[in-house]
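Before any comments, here is the structure.
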Ligand SMILES: *Cc1c(COP(=O)(O)O)cnc(C)c1O
Ligand code: SF4
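Numbering (my numbering), first residue to last: 47 to 439.
Right, dumping it as structure tokens:
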């Protein structure tokens, strides 16, 4: 079980410590990467077994013991299992599949640096993740080398940021940035903070969910030196929010790091409105604000995870007004070919002109909002009677 170089992990023996399952290095060293290891955790179907074998050389399989512990042993439709265990469907490609669904290569301005929007950049610092999600949009690259971006390349990316004074926000992602050692992260954050035009730093990571043990006091002490620092975590199902995950999120929040969640809409995993309602409530309970709900990208081999766009709209409609505004994420399509994130909203405007806007609320009741100086609205008032059906509060 050799640990990839990037993790710079020593075994317990080398560290002179006892075996500790709550140590993140232990978790990484004991990731499940082979069929025989996986068989110790769950009862695999014939199809799953084949898929695990095929996955070598494609999107590799790696599952932390923490995440594996959340899998249902006997149910191949378990939402945790389907995100982690390869399936034969991944080897089918549909005509719309793309290798680089968000067009990131096109906007790559320096090694690992994607500059798409005027004032912010995405910095991909490694291709390694604690666990490889079967629906990953960066399937083409993640897990292929499990290395950190080399020092020279990182310096090239930093130099681009230094030279571009319009950049005020750096989003560090990968792979997973939190797999870098504390020392490497400290030095990266320090370099970014020394650039006077950088206002905020963000980290996009799934580690608090797949490897919550990584959120140590030491890591948090590093992160909190570089405020304002925000973090987006990736959560798809309420069952992922184990006590360990809640504790990790609590430590980050207590350190003043605002947490947001990015959720990918996945068929059969989280595409029911009631389930999504539960997820957003569970997130708020651990101080994580739902940020984006992503329509599943066109990454090759992920068609079986995609839902119709209408399903996402239905979910948003089932949340808005029915629960806390903070609980409602923005539903987005990351436009194929590099168009960036486009918000997709249920239609609440029935009609509008210079005089007034006619809207409907979450219950379908119709209201008229007169624009300034629009004069009498007799014709538009005709829309009002429907409101009288509203039940008395
Ligand atoms: C998602 C993304 C960002 C950040 O977008 P926000 O809407 O500000 O969260 C920046 N650059 C790229 C290339 C992205 O994909
Ligand atoms: S953690 Fe993110 S980058 Fe890594 S495999 Fe999952 S979706 Fe992809």
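Note that beta-carbon positions come from the ideal geometry of N, C-alpha and C, so glycine has one too.
Length of the line joining the Cα atoms of residue i and residue j
i	j	result
residue 126	residue 60	33 angstroms
residue 63	residue 227	19 angstroms
residue 392	residue 381	18 angstroms
residue 387	residue 65	44 angstroms
residue 306	residue 154	25 angstroms
residue 223	residue 423	56 angstroms
residue 201	residue 262	27 angstroms
residue 106	residue 294	26 angstroms
residue 194	residue 237	16 angstroms
Spatial neighbours of residue i in its chain, beta-carbon cut-off 7 angstroms, leaving aside the 5 residues before and after
i	result
residue 168	160, 217 and 219
Cβ-heavy atom distance, residue i to ligand 2, below 7 angstroms
i	result
residue 158	no
residue 161	no
residue 188	yes
residue 221	yes
Beta-carbon proximity of residue i to residue j, cut-off 8 angstroms
i	j	result
residue 321	residue 339	no
residue 117	residue 88	yes
residue 406	residue 390	no
residue 21	residue 174	The structure shown does not extend to residue 21, since the chain is modelled only from 47 through 439, so no value can be given for it.
residue 234	residue 171	yes
residue 139	residue 346	yes
residue 259	residue 180	no
residue 323	residue 369	yes
residue 335	residue 372	yes
Beta-carbon proximity list for residue i, same chain, < 6 angstroms, skipping 5 on both sides
i	result
residue 208	241
residue 413	405
residue 359	392
residue 246	215 and 274
residue 284	324, 325 and 328
residue 58	65
residue 149	383 and 384
Same chain, Cβ closer than 8 angstroms to residue i, five either side skipped, listed in chain order
i	result
residue 270	301, 302 and 303
residue 298	254, 261, 266, 269, 277 and 305
Anticipated Cβ contact below 8 angstroms, residue i with residue j, distance rounded
i	j	result
residue 279	residue 239	Contact doesn't hold; Cβ gap of about 22 angstroms is too wide.
residue 137	residue 178	That pair is no contact at about 15 angstroms.
residue 25	residue 267	In the structure displayed, the chain extends from 47 to 439; residue 25 sits before or after that span and is not available.
Heavy atom of ligand 1 within 7 angstroms of residue i beta-carbon
i	result
residue 168	yes
residue 148	yes
residue 387	yes
residue 275	no
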